[in-house]
Amino acid sequence: MTCMRKIFHAYILIGSEEETAKRAVELAQSANCNDYGPPCGFCDCCRRIREGSHPDLFHVFPDGSSIKIEKVRNLILSASQPPIEGRRKVYVIHEAGRMTQDAQNTLLKTLEDPPAAGIFLLLTQNVKNLLPTVVSRCQILDYSKLDESEMAIPGDVKETLMDIIFSRPDLSKIPFYVQKLAGTEIEPDVLMEFMAGVYRDLLVIKTKSRASLKNREFLNRLKEQADNFSPRALVAAIESLYSQIEAVKSRGNANLVWFNLLLRLQEQEVI
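So in the numbering used here the end of the sequence shown lands on 292, straight run, no missing numbers.
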């Protein structure tokens with residue numbers, strides 16, 4: 022069951038439609054459960070959210086191949102009104118990457134100045150189909166990652182990952198970093214998740230988003246480095262990382278996955 026200490030106004034849920042839809046329902050329950058805590062799953066509110074009959078839960082699906090601006094405008098108009106029964110209105114946008122650019126830009130204005138009682142959940146398997154400015158104003162939840170009980174990343178390993186991101190080593194140094202990272206005791210997907218968080222923080226700073234930072238201990242360094250990256254390069258880096266997380270979770274060779282990742286980042290001129 023998804024339990025959030027703090028509910029933010031917008032999330033991007035990355036993963037299969039089935040998994041992200043399930044998690045979106047859990048988030049909606051967290052925001053509105055009658056017990057005011059971790060969703061109980063049994064109260065009338067949780068039950069109706071699960072069944073899709075709660076008046077403050079809205080599902081938005083593509084019409085054909087896209088989600089057009091008119092549908093997003095209607096969503097925004099609805100979000101400007103107070104909830105009917107619950108504490109928060111929750112809007113689940115399925116296959117969010119299918120929103121047209123005009124629709125995303127319209128939604129962006131609301132994400133920049135969100136209604137107090139609205140939560141927007143963007144479900145996607147491919148974050149690069151969303152505008153960088155939209156990504157930067159959402160919390161990212163990847164449901165292929167390991168749970169919170171996993172081992173913390175040691176400081177020296179974080180420094181290695183930050184060095185890769187900020188120093189942008191050339192191709193000749195990729196084998197050195199592959200060997201160094203493959204030799205740690207931390208699972209590759211945990212390390213890649215950390216890197217994705219750093220790139221996302223850079224995107225937040227770059228686009229002057231009000232979204233919270235995941236790695237505030239590196240705030241000064243992040244601010245110093247943000248100008249060295251374009252928003253599209255940062256989104257491409259995040260997408261590359263989630264792609265390789267999936268590869269390593271599919272029992273891919275860790276050395277090869279690291280090599281492919283660093284090579285891809287190099288080709289994208291992100292490192």
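Positions of the beta carbon are idealized from the N, C-alpha and C atoms, including for glycine.
Is residue 9 near residue 139, with beta carbons less than 8 Å apart?
-> The shown model of the chain, from 22 to 292, leaves out residue 9, and the question about it has no answer.
To the nearest angstrom, how far is it from the Cα of residue 171 to the Cα of residue 92?
-> Taking the sequence shown and counting its residues from 1, one reaches residue 171 at position 150. Taking the sequence shown and counting its residues from 1, one reaches residue 92 at position 71. Only weak support exists for where residue 171 lies, its pLDDT of 44 falling under 50; the value from the coordinates is given anyway. The alpha-carbon atoms of residue 171 and residue 92 are separated by roughly 40 Å.
Pick out whichever of 142, 71 and 203 has its Cα sitting closest to the Cα of residue 82.
-> Your numbering for residue 82 matches position 61 in the sequence shown. The shortest Cα separation from residue 82 among 142, 71 and 203 belongs to 142.
So, are the CB atoms of residue 270 and residue 210 less than 8 Å apart?
-> In the sequence shown, the residue the question calls residue 270 occupies position 249. In the sequence shown, the residue the question calls residue 210 occupies position 189. The answer is yes: Cβ separation under 8 Å.
Straight-line gap, residue 40 to residue 50 (C-alpha atoms, nearest Å) = Here residue 40 corresponds to residue number 19 of the sequence shown, with the count starting at 1. Here residue 50 corresponds to residue number 29 of the sequence shown, with the count starting at 1. Roughly 16 Å between the two C-alpha positions.
Run the CB neighbour count on residue 118, radius 10 Å, all protein chains shown included, and call it buried at 16 or more, exposed below.
-> Along the sequence shown, read from residue 1 onward, the residue named residue 118 stands at position 97. Result: buried.
Measure how close the beta-carbons of residue 255 and residue 153 come, nearest whole angstrom, since I'm counting them as under 8 Å.
-> Locating residue 255 in the sequence shown gives position 234, where the first residue counts as 1. Locating residue 153 in the sequence shown gives position 132, where the first residue counts as 1. About 7 Å; that satisfies the 8 Å criterion.
Within 10 angstroms of its Cβ, does residue 105 collect 16 or more other Cβ (buried), or is it exposed?
-> Within the sequence shown, the letter at position 84 stands for residue 105. Answer is exposed; the Cβ neighbour count stays below 16.
Could you check the C-alpha separation between residue 238 and residue 55 for me, to the nearest Å?
-> On the sequence shown, residue 238 is found 217 positions in, with the first residue counted as 1. On the sequence shown, residue 55 is found 34 positions in, with the first residue counted as 1. If I take the Cα positions, the gap works out to 35 Å.
Specify whether the stretch 59 to 72 and the stretch 195 to 210 touch according to this definition: at least 3 beta carbon pairs, one from each stretch, less than 8 Å apart.
-> no
Go through its chain and collect everything with a Cβ distance to residue 268's Cβ below 6 Å, but skip five positions before and after it.
-> If you number the sequence shown from 1, residue 268 lands on position 247. These residues qualify, in order along the chain: 278.
If you drop the 5 nearest sequence neighbours on each side, which residues of the same chain put their C-beta closer than 6 Å to that of residue 169?
-> For the purposes of this step, residue 169 is taken as residue 148 along the sequence shown, with counting starting at 1. The predicted position of residue 169 is uncertain, since its pLDDT is 43 and thus under 50; no value can be drawn from it.
Reduced DSSP secondary structure (H/G/I, E/B, other) of residue 84 = Within the sequence shown, numbered from 1, the residue matching residue 84 stands at position 63. Strand at residue 84.
Classify residue 192 as buried or exposed, calling it buried when 16 or more other Cβ atoms lie within 10 Å of its own Cβ.
-> Here the question's residue 192 lines up with position 171 in the sequence shown. Its Cβ having fewer than 16 others within 10 Å, residue 192 is exposed.
So which of 261, 221 and 103 has the shortest CA-CA distance to residue 33?
-> In the sequence shown, counting from the first residue as 1, residue 33 sits at position 12. With distances taken between Cα atoms, residue 33 lies closest to 221.
Leaving aside the five residues before and after residue 276 along the sequence, list all residues of the same chain whose C-beta is less than 7 Å from its C-beta, in chain order.
-> Here residue 276 corresponds to residue number 255 of the sequence shown, with the count starting at 1. If we look at residue 276 and ignore the five residues flanking it on each side, its Cβ neighbours are 199 and 203.
Under the three-state DSSP convention, the category residue 163 falls into = Against the sequence shown, residue 163 aligns to sequence position 142. The answer is strand: DSSP assigns residue 163 an E or B state.
Check residue 258 in the structure and name its three-state DSSP category.
-> Taking the first residue of the sequence shown as position 1, residue 258 is located at position 237. Reduced to three states, the DSSP call for residue 258 is helix.
At a cut of 8 Å, does the stretch 258 to 267 reach the stretch 60 to 68 through at least three beta carbon pairs?
-> no
Would you mind reading off the limits of the beta strand (DSSP E) that contains residue 111?
-> What you label residue 111 is simply residue 90 of the sequence shown in a count that begins at 1. Note, residue 111: beta strand (DSSP E), 110 to 114.
Can you tell me whether residue 123 is buried or exposed, with buried defined as 16 or more other CB within 10 angstroms of its CB?
-> Here the question's residue 123 lines up with position 102 in the sequence shown. Per the 10 Å Cβ criterion, exposed.
Collapsed DSSP secondary structure at residue 169 in the structure displayed | For the purposes of this step, residue 169 is identified with residue 148 of the sequence shown, where counting begins at 1. Low confidence applies here, because residue 169 scores a pLDDT of 43, under 50, leaving its location unreliable and the question unanswered by this model.
Continuous beta strand (DSSP E) stretch holding residue 31: start and end = For the purposes of this step, residue 31 is identified with residue 10 of the sequence shown, where counting begins at 1. Counting along the chain, the beta strand (DSSP E) containing residue 31 begins and ends at 31 to 35.
Cβ neighbours of residue 125 in the same chain (closer than 7 Å, five flanking residues each side left out) | Taking the first residue of the sequence shown as 1, we reach residue 125 at position 104. Correct list, in chain order: 151, 152 and 155.
Which residue spans inside the stretch 205 to 247 form an unbroken alpha helix (DSSP H) run of at least 4?
-> 209 to 227 and 240 to 246
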